[in-house]
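Below: one structure, written as structure tokens.
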Amino acid sequence: MNPSVPAELPTSFGALRPFVASDARAIARHAANRRIWENMADAFPHPYRLEDAEAFLARNAAEDPPTSWALATPDEVIGAIGIVQGSDIHWLSAELGYWLGEPFWGRGYMTEAVNALIAWALKQQDIYRVWAVCDVDNKASARVMEKAGMQREGVLTRWSVHPNLSPEPRDSYCYSITK
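For what it's worth, this note's numbering labels the leading residue of the sequence shown as 916, then goes sequentially.
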């Protein structure tokens, strides 16, 4: 179950907005960077090609409602952010995930995007907790979550596989924020 999501969330750099087909080239360009794909827990292929971006856009468009949005400046897509409401016993929580093109690191874009999505999520009647994980070696992602007010809850031992780093499960930090 995913709550009814807004069409767009404004930010100072542009907006979190639905993806469109013309975003494929920017996605492929940013996602081809090794420093992006090595931290992805999903099977994020390398090299990341235009066809991979087009397949991602098709999967996202088929979701109702979509779970991922583009981080977009007026000129281009610079990253992606998503949120999925839990199911079964975790239905009152939502998991957050994101990536950002390397030329845009260190400018506060992702922290602002995470803040915008958290603020929206915690206004939803059935979401009481927003949480996310990151690899223990991904210090930048951990810092984004901390700057967004999320609290580190601990280490999830051998939590997720990052197939571009290792076939073995790796430790992850777990962060959350609640209302």
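C-beta: ideal position from N, C-alpha, C; glycine also.
None of these values were measured; they are calculated from a predicted model.
Note down, in chain order, each residue of its chain lying with its Cβ closer than 7 Å to the Cβ of residue i, except the 5 sequence neighbours on either side.
i, result
"S1075", "A956, V1048, P1084, R1085, S1087"
"Y1090", "W1046, A1047, M1060, M1065, Q1066, R1067, E1068"
"V999", "N917, T982, A1009, E1010"
"A1057", "C1049, Y1088"
"A939", "L965, A968, E969, L972"
"N1079", "W952, E953, M955, F959, H961"
Ignore the nearest five residues each way along the sequence and tell me which others in residue i's own chain have a CB closer than 6 Å to its CB.
i, result
"A941", "E991, V992"
"S983", "N975, A995, G997"
Spatial neighbours of residue i within its chain, please: C-beta separation below 8 Å, excluding the five flanking residues on both sides.
i, result
"L1007", "G1001, D1041, I1042, Y1043, R1044"
"I857", "Any property of residue 857 remains undetermined from this structure, which presents the chain solely from 916 to 1094."
"P933", "A922, E923, P981, W984, A985"
"R1073", "E1083, P1084, R1085, D1086"
From the DSSP output, read off the bridge partner residues of residue i.
i, result
"P1084", "V1076"
"T1093", "R1044"
"R1067", "Y1090"
"G1012", "G997"
"R932", "A985"
Throw me the rounded Cβ distance for the residue i and residue j pair, which I believe falls under 8 Å.
i, j, result
"Q988", "F928", "At residue 988 the sequence reads Thr, which differs from the Gln that was named. Right, their Cβ atoms sit about 5 Å apart."
"L924", "W1020", "About 21 Å separates the two Cβ atoms, so there is no contact after all."
- Message: For the structure I just gave you, are there three or more beta carbon pairs, one from the segment 964-975 and one from the segment 1036-1046, closer than 8 Å?
- Response: As far as the Cβ criterion goes, the segment 964-975 does not touch the segment 1036-1046, which means the pair count is below three.
- Message: Runs of 3 residues minimum, wholly inside the segment 969-994: which ones carry the beta strand (DSSP E) assignment?
- Response: The segment 969-994 contains these whole beta strand (DSSP E) runs: 983-987.
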